[in-house]
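Just below is one structure, and these are the notes that go with it.
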Amino acid sequence: MNMEKFTEAKKGYDMSQEPIDILELDPRLKDRIARLANAAELIIMENDRPIARIVPIERPKPVFGGCRGMLKVIDEDDEHLAEFEESFTTPKP
18 MNMEKFTEAK
28 KGYDMSQEPI
38 DILELDPRLK
48 DRIARLANAA
58 ELIIMENDRP
68 IARIVPIERP
78 KPVFGGCRGM
88 LKVIDEDDEH
98 LAEFEESFTT
108 PKP
């Protein structure tokens, strides 16, 4: 398992045990976890009593303006855009 990616993913979560690779799990549990993305949680039962809960990791929601400063607008591009627009609006001979 790539521990660098795991460490990044677990920020903000209380992880009391070492991670386990999904390939080490029982095939039935792997299938249930795969379906977990569309569900709220998976409850693990023992003797008709809940003993554990598996929940999907929440992905951060996009923040309005989060990409501010990532796009560089070039002044000289306006002339190029005018020529581009003309190529569509000018009738061809």
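Residue 74 in the numbering used here sits at position 57 of the sequence shown, with consecutive numbering throughout.
By construction, the Cβ of each residue, glycine as well, lies at the ideal position given by its N, Cα and C atoms.
Residue interval of the beta strand (DSSP E) (run including R66): Annotation: the continuous beta strand (DSSP E) that includes R66 extends over 66 to 71.
Secondary structure of K88, DSSP reduced to three states: First, the residue type needs correcting, since residue 88 is Leu and not Lys in the sequence shown. Looking at L88 - three-state DSSP - the assignment turns out to be coil, as it is neither helix nor strand.
Inter-residue CB distance, L88 and I71 (contact presumed, cutoff 8 Å): Incorrect: roughly 40 Å between the Cβ atoms, too far for contact.
Range of the contiguous beta strand (DSSP E) that encloses I60: Start and end: 59 to 63.
CB-CB length for P73 against A54, believed under 8 Å: Sure, about 6 Å apart at Cβ, within 8 Å.
C-alpha distance - R45 paired with I39, whole-angstrom precision: Each residue's alpha carbon lies about 11 Å from the other.
Three-way DSSP call (helix, strand, coil) for K47 in this model: K47 carries a helical assignment under DSSP once its states are collapsed to helix, strand and coil.
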